[in-house]
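Peer 1: Going by the numbering used here, the sequence shown opens with residue 990, and the numbers climb by one from there.
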Amino acid sequence: MIQRKLEVTYVPFDRTTRVPPGTTLFSAAHWIGLPIDSTCGGRGTCGKCKVRVIKGIADAETADHRQLRPQEIADGWRLSCQAHIHEDMTCEVPQLLRVPKAATMGLGRLVILDPNVRKVYFELKEPSLEDQRSDLARLKDALTEEGHDMVAGVSVLRTLPQVFREANFRVTAVLAGERLVAVEAGDTTEQCYGVAFDVGTTTLVGTLMNLRTGMAASVTSTLNGQAPFGADVISRISHGMNGPEAIHELQLAVISTMNSVLAELYRDAGISPMQTYEAVVVGNVTMLHLLLGVDPSPLSMMPFTPAFMDELTVDAGELGLHIHPHGYVQTLPALGAYVGADIVAGVLATGVLREDKLRVFVDVGTNGEIVLGSAERALATAAPAGPAFEGSQIKCGMRATVGAIEGVQLGDRVELQIIGGDVPAEGICGSGLVDAVAQLLLAGLMDHSGRLKLPGDVPDHPLADRLIDIDGMRAFLLADGVFLTQRDIRELQFAKGSIATGIKVLMDILRVTAGDLDEVLLGGSFGSYLNPESAKVIGLVPPVDVDRIIAVGNSAGEGAKIALLSYRERQVAFELPSRIEYVELSGRTDFNDSFISVLGFPQLETVS
Ligand code: FES
């Protein structure tokens, strides 16, 4: 069921937005780029985010009574981070965050530095007979004075007596939210790190972030150690079906990959695991299940129900992840069984839901994950594309490694772009496949149904002799021993047809056409390498001007970094599942009907 959106207006800025019921005034303002003042990041402890409710009702919560004077409450002042929107509202904002420290992320996003992990240095008053407060109370009082709540676990408590006395009560408290992660001797505020992980089925990327400056300290990637159990999520799930030990085996494989990435990150940046307090992890739903050792098998059968889709916080020690032993792992939520936290991170990074622009974000892979919408309304779905884009089930297909053709240009001769530069072509990867098929169409060597021509059909074409026969099947010779067969083209047609249909179904639900789209964003490790023109020529994406088709790189990794650097942005990510409607394509008759109609390639005049 679609929730009715509520309208909120912020004065004196005269900015209005529409949000789902239950959103806080603080979050809604943030979504439209009004950073209401705060030092606690929306936890209700700093009192800086107060706004005056002019229209609508927000009940005063416990935190309001703690932070505001009774007269202020009577006058309509509320903590915006505690005030949930349940009707149309107008409020006055007295103070925006002044000169926020910010970091520029990939995709040009400016992110206000507001990490969940914060360090506060104290020169505490030493105990005396007149002041016999406990170590914990002494620290808690100092933190309260600075506007921080604090909860301490016994493992940190055990360290207090020694650290306090060795450091003459000059200590740094490390807080993750309200949780006391560590107390360190002296002023260690300069050394504060977190790590963002994008756990892909194939590749795992880790970025060590300096949480004080917002800069990346080091970045590295490696193959997911689960690869021996199968190349795709279905084979990993199948292996997991062998029982709890098999699931544990898959969990250990990914954690040991993450630990090897961490070791490299620490070495490159010259820092220690003890200075790294938090890991934000994104990945598809299967990857996150396996990371946490949860059985993903229900994902592979109807009705595709995962064990969890929510954001989870897990002790790093429990997982065996090599960051600070009292640090923790934070995952982002998923939108559906096949639209995971990696897509939520992508939406966060690209800001699809921040503006009025109508955009479609597509992550092209074995599944095409699609998010279509704007700040007004957004939909998401996953279209099963099969392995063609990954180079599988393509006669000369290969992964995007050295020797793979990644770009093709057909003119009087065949021009190839090969990964590794001046090396012989060994095969063709996904982006090369899309390019090759688009170029065959543009060169008139293939018709719009996807049928390769025979040399006799185009006798004067300079590339007619490249149209060959392989084992009785039509093919096009790209390089010595590397060719594209008629069957490969059919595989690509099914893959692109599925994604194009997914986009069309979402556009139909929103009642928009390609002409209404402001931008098409191509994400994911494959989408980023796609030639936008070719994606359009084959009809993978809607026919918009090519300069509106934008490759957005590793948007999942960017989103994980943003969530690491900004508690507010993290909250936005947590709220995305309630703001984006998930559309299941299986069993939809409009999907089946449209699929047939988009299998062919568009007429050239519609793509120019
Ligand atoms: S009390 Fe700090 S942001 Fe609301």
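The beta carbon of each residue, even a glycine, is placed where N, CA and C say it ideally should be. Source: prediction; values computed, not measured.
#1: Please classify residue 1319: does DSSP put it in a helix, a strand, or coil?
#2: Please find out if some non-hydrogen atom of the ligand FES comes closer than 7 Å to the beta-carbon of residue 1069.
#3: Quick one: complete alpha helix (DSSP H) runs, 4+ long, within the segment 1523–1590?
#4: Quick one: using the 10 Å Cβ neighbour count with 16 as the cut-off for buried, is residue 1013 buried or exposed?
#5: Among the candidates 1155, 1239, 1518, 1228, whose CA atom is the shortest distance from the CA of residue 1112?
#6: In the DSSP assignment, find the beta strand (DSSP E) that holds residue 1111 and state where it starts and stops.
#7: Is residue 1056 near the ligand FES - that is, is its Cβ less than 7 Å away from at least one heavy atom of it?
#8: Cβ of residue 1553 within 8 Å of Cβ of residue 1183?
#9: Run through DSSP, which three-state label would residue 1182 get?
#10: Going by C-alpha to C-alpha distance, which of 1027, 1269, 1219, 1181 sits closest to residue 1550?
#11: Classify residue 1172: buried if its beta carbon has 16 or more other beta carbons within 10 angstroms, exposed otherwise.
#12: Pick helix, strand or coil for residue 1204, following the three-state DSSP scheme.
#13: Look up residue 1115 in the DSSP assignment and give the residues it is bridged to.
#14: Which two residues bound the contiguous beta strand (DSSP E) that contains residue 1335?
#15: Can you tell which of 1436, 1402, 1362 has its C-alpha closest to the C-alpha of residue 1505?
#16: Residue 1562: buried (16+ other C-beta within 10 angstroms of its C-beta) or exposed?
#17: Looking only at its own chain, which residues have a Cβ that is under 7 Å from the Cβ of residue 1421, when we skip the five neighbours before and after it?
#18: If you count every other CB in all the chains shown that lies within 10 Å of the CB of residue 1256, and 16 or more means buried, which is it?
#19: Does at least one heavy atom of the ligand FES sit under 7 Å from the Cβ of residue 1016?
#20: In terms of DSSP beta bridges, what is residue 1226 paired with?
#21: How do the segment 1166–1181 and the segment 1143–1157 stand: do at least 3 beta-carbon pairs fall below 8 Å, yes or no?
#22: The beta strand (DSSP E) that contains residue 1472, what's its start and end?
#23: By how many angstroms is the C-alpha of residue 1378 removed from the C-alpha of residue 1293?
#24: Give me, in chain order, the residues of the same chain whose beta-carbon lies closer than 6 Å to that of residue 1069; leave out the 5 immediate sequence neighbours on both sides.
#25: Restricting to Cα atoms, I'd like to know which of 1583, 1526, 1545 is closest to residue 1630.
#26: Return the residue from the list 1008, 1312, 1267, 1104 that minimises the CA-CA distance to residue 1251.
#27: Closer than 7 Å to a non-hydrogen atom of the ligand FES - does that hold for the CB of residue 1557?
#28: Pop quiz: residue 1429 and residue 1399 are said to be a contact at Cβ under 8 Å. What is the actual Cβ separation, rounded to whole angstroms?
#29: Near residue 1589, which residues of its chain fall below 6 Å by C-beta distance, leaving aside the five closest residues on each side in sequence?
#30: What is the residue span of the alpha helix (DSSP H) that residue 1133 lies within?
#31: With hydrogens ignored, establish whether the beta-carbon of residue 1065 is closer than 7 Å to any heavy atom of the ligand FES.
#32: Have a look at residue 1001 and residue 1558 and give me their C-alpha separation to the nearest angstrom.
#33: Suppose you measure from the CA of residue 991 to the CA of residue 1342; what does that come to, to the nearest Å?
#34: For residue 1140, is the classification buried or exposed, using 16 other Cβ atoms within 10 angstroms of its Cβ as the cut-off for buried?
#35: Would you list, in sequence order, the uninterrupted alpha helix (DSSP H) runs of no fewer than 4 residues that lie entirely inside the segment 1034–1097?
#36: For residue 1434 and residue 1424, I'd like the C-alpha separation in whole angstroms.
Peer 2: The relevant details are as follows:
#1: To locate residue 1319, count along the sequence shown from 1; it is residue 330. Assigned with DSSP and collapsed to three states, residue 1319 falls in strand.
#2: Taking the first residue of the sequence shown as 1, we reach residue 1069 at position 80. Because some heavy atom of the ligand FES lies under 7 Å away, the Cβ of residue 1069 counts as near it: yes.
#3: Within the segment 1523–1590, the complete alpha helix (DSSP H) segments at least 4 residues long are 1544–1554, 1556–1568, 1578–1586, listed from N- to C-terminus.
#4: Sequence index remark: in the sequence shown, residue 1013 carries index 24 (1-based). Counting Cβ neighbours within 10 Å, residue 1013 comes out buried, since at least 16 surround it.
#5: By 1-based counting over the sequence shown, the position of residue 1112 is 123. For the residues 1155, 1239, 1518, 1228, the minimum Cα distance to residue 1112 belongs to 1155.
#6: Start at 1 with the first residue of the sequence shown, and residue 1111 comes out as number 122. For residue 1111, the enclosing beta strand (DSSP E) has its first and last residue at 1106–1112.
#7: By 1-based counting over the sequence shown, the position of residue 1056 is 67. Flag set: Cβ of residue 1056 near the ligand FES.
#8: Here residue 1553 corresponds to residue number 564 of the sequence shown, with the count starting at 1. Here residue 1183 corresponds to residue number 194 of the sequence shown, with the count starting at 1. With a cutoff of 8 Å on beta-carbon distance, residue 1553 and residue 1183 are scored as near each other.
#9: For this step, residue 1182 is matched to residue 193 along the sequence shown. Per DSSP, reduced to three states, the secondary structure at residue 1182 is strand.
#10: Along the sequence shown, read from residue 1 onward, the residue named residue 1550 stands at position 561. Cα-wise, what sits closest to residue 1550 is 1269.
#11: On the sequence shown, position 183 is the one that residue 1172 refers to. By the 10 Å Cβ count, residue 1172 comes out buried.
#12: Translated into positions along the sequence shown, residue 1204 becomes position 215. Coil.
#13: By one-based count along the sequence shown, residue 1115 stands at place 126. Answer by DSSP bridge pairing: none, since residue 1115 is not bridged.
#14: Position 346 of the sequence shown holds residue 1335. Note, residue 1335: premise wrong, no beta strand (DSSP E); alpha helix (DSSP H) at 1330–1339.
#15: On the sequence shown, residue 1505 is found 516 positions in, with the first residue counted as 1. It is 1362.
#16: Translated into the one-based positions of the sequence shown, residue 1562 becomes position 573. Buried is the call here.
#17: Reading the sequence shown from its first residue, position 432 is the one you call residue 1421. Closer than 7 Å at Cβ, skipping near neighbours: 1393, 1394, 1395, 1396, 1397.
#18: Taking the first residue of the sequence shown as position 1, residue 1256 is located at position 267. A residue is called buried once 16 or more other Cβ atoms fall within 10 Å of its Cβ, and residue 1256, having fewer, is exposed.
#19: Position 27 of the sequence shown holds residue 1016. The ligand FES has no heavy atom closer than 7 Å to the beta-carbon of residue 1016.
#20: Working through the sequence shown from its first residue, we reach residue 1226 at position 237. None, per the DSSP bridge assignment.
#21: Three or more beta-carbon pairs drawn from the segment 1166–1181 and the segment 1143–1157 are found closer than 8 Å, and the two stretches are therefore classed as touching.
#22: If you number the sequence shown from 1, residue 1472 lands on position 483. Here the beta strand (DSSP E) through residue 1472 covers 1471–1474.
#23: The residue given as residue 1293 occupies position 304 in the sequence shown. The residue given as residue 1378 occupies position 389 in the sequence shown. Straight-line Cα distance between these residues: approximately 23 Å.
#24: Along the sequence shown, one-based indexing puts residue 1069 at 80. Close CB contacts of residue 1069 within its chain, under the 6 Å cut and outside five residues either way in sequence, are with 1014, 1015, 1025, 1038, 1040 (chain order).
#25: As shown, the chain starts at 990 and ends at 1597. That puts residue 1630 outside it, with no answer to give.
#26: Along the sequence shown, read from residue 1 onward, the residue named residue 1251 stands at position 262. Ranking 1008, 1312, 1267, 1104 by Cα distance to residue 1251 puts 1312 first.
#27: Sequence index remark: in the sequence shown, residue 1557 carries index 568 (1-based). Residue 1557: no, Cβ never under 7 Å from the ligand FES.
#28: Here residue 1429 is taken as the residue at index 440 of the sequence shown, counted from 1. Here residue 1399 is taken as the residue at index 410 of the sequence shown, counted from 1. At roughly 7 Å, the Cβ-Cβ gap stays under 8 Å, so residue 1429 and residue 1399 are in contact.
#29: The residue labelled residue 1589 in the question sits at position 600 within the sequence shown. 1437, 1438.
#30: Here residue 1133 corresponds to residue number 144 of the sequence shown, with the count starting at 1. Segment 1124–1134, the alpha helix (DSSP H) holding residue 1133.
#31: For the purposes of this step, residue 1065 is taken as the residue at position 76 of the sequence shown. Checking every heavy atom of the ligand FES against the Cβ of residue 1065, none is found closer than 7 Å.
#32: Within the sequence shown, residue 1001 is the residue found at index 12, counting from 1. Within the sequence shown, residue 1558 is the residue found at index 569, counting from 1. The straight-line gap from Cα to Cα measures roughly 24 Å.
#33: Locating residue 991 in the sequence shown gives position 2, counting from the first residue. Locating residue 1342 in the sequence shown gives position 353, counting from the first residue. Unreliable placement is indicated for residue 991, whose pLDDT of 42 sits below 50; no coordinate value is reported for it.
#34: Taking the first residue of the sequence shown as 1, we reach residue 1140 at position 151. Counting of Cβ neighbours within 10 angstroms places residue 1140 among the exposed residues, the total staying below 16.
#35: Fully enclosed alpha helix (DSSP H) runs of 4 or longer: 1051–1056, 1059–1063.
#36: Against the sequence shown, residue 1434 aligns to sequence position 445. Against the sequence shown, residue 1424 aligns to sequence position 435. Going from the Cα of residue 1434 to the Cα of residue 1424 covers about 14 Å.
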